[in-house]
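Take a look at the structure set out below.
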Amino acid sequence: MRIKRLPTGSIVYGKLPRGCRLCQQGLKTVIFLTGLCPYHCFYCPLSEYRKQRDVTIINETEVSFPEEYFRKLSGEVLKSGSRGASLTGGDPLVKHRLSVETIRYLKENFGKNFHVHVYTTGLLLGDDKLRELVDAGLDELRIHSPLEKLENILKLAHEYRDKLAIGLEYPSLPGSIETLLKLLELAEKYELEFINLNQLEFTETNSLSLQLHGYKLAKDYRAAEGSKETALEL
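Heads up: the sequence shown is residues 1 to 234, going by UniProt numbering.
Okay, structure coming up:
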């Protein structure tokens, strides 16, 4: 299987997930459902305005009042000509009921082929909650959890592997090759469809934490030195 470099700069080994293909084409509406999250990553890149705050932003449009949410959601999907949407945060499953209602609303109003994926830590995910998401029409689940909890989360998700695409999404921490190999091992064991590794991003809010953990800013002034190289070594 050969490695491909996309025009956006992404490097792909194997088949790109449908959610990623639509994102690469600019055909996904991004629903930042909440900044609240049960997993306090030292490398979290969110801005002060979003991080651990209960704000909802659709693309770049903030939803100030709950009663505006679905109207603004429809408007953004139509305005951007989207063929799918991503639910992100924080962890959108902090607002599990709204996540389910959002997926159902998108499927009912834009068709069953409108692709929806959810990013989650998995820390709030139980069988009943996952079943509700699947029944609402969820197409793809992207998990980023603490490594020590990941296998239990994957055991649960594995039961639904015939109903939705399941994958992992993690930053490539420089020098973390053993951790990344463990992710590969779990991905194979639980028949996951993909692993997305992102360059470790330096932002205004996480730069001090990253430096305290020994990471340095690369020459591009955006990512951590060695992050890309670690991912490619894998």
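We treat Cβ as the ideally placed atom computed from N, Cα and C, and that holds for glycine.
Here the structure is a predicted model, which is why all the values come from computation and not from measurement.
Cβ-based burial, residue i [other Cβ within 10 Å; buried from 16]
i, result
"Asn59", "buried"
"Arg142", "buried"
"Tyr221", "exposed"
"Ile195", "buried"
"Leu154", "buried"
"Tyr215", "buried"
"Ser145", "buried"
"Arg5", "exposed"
"Phe202", "buried"
"Pro7", "exposed"
"Asp162", "exposed"
Three-state secondary structure (DSSP) of residue i
i, result
"Ser74", "helix"
"Thr203", "coil"
"Gly19", "helix"
"Glu169", "strand"
"Ala187", "helix"
"Leu197", "strand"
"Leu217", "strand"
"Glu132", "helix"
"Thr230", "helix"
Paired residues, beta bridge with residue i - DSSP
i, result
"Gly89", "Thr34"
"His115", "Gly84"
"Glu62", "Ile57"
"Thr120", "Ile143"
"Thr29", "Ala85"
"Ala224", "Leu217"
Check whether residue i and residue j have beta carbons under 8 Å apart
i, j, result
"Leu36", "Gln25", "no"
"Leu197", "Ala223", "no"
"Ser99", "Leu147", "no"
"Ile177", "Glu233", "yes"
"Ser227", "Ser172", "yes"
"Lys129", "Ala85", "no"
"His158", "Glu193", "no"
"Thr88", "Val134", "no"
"Glu108", "Gly19", "no"
"Leu124", "Val94", "yes"
"Leu181", "Tyr170", "no"
"residue 235", "Leu156", "The shown model of the chain, from 1 to 234, leaves out residue 235, and the question about it has no answer."
"Val55", "Glu62", "yes"
"Thr205", "Leu46", "yes"
"Ala231", "Glu225", "no"
Worksheet item: Do three or more CB pairs link the stretch 67 to 78 to the stretch 38 to 47 at distances below 8 Å?
Response: no
Worksheet item: Is the number of C-beta pairs between the stretch 102 to 116 and the stretch 156 to 166 that are closer than 8 Å three or more?
Response: no
Item to complete: Flag this pair as touching only if the stretch 86 to 106 and the stretch 116 to 130 have three or more C-beta atom pairs under 8 Å; answer yes or no.
Response: yes
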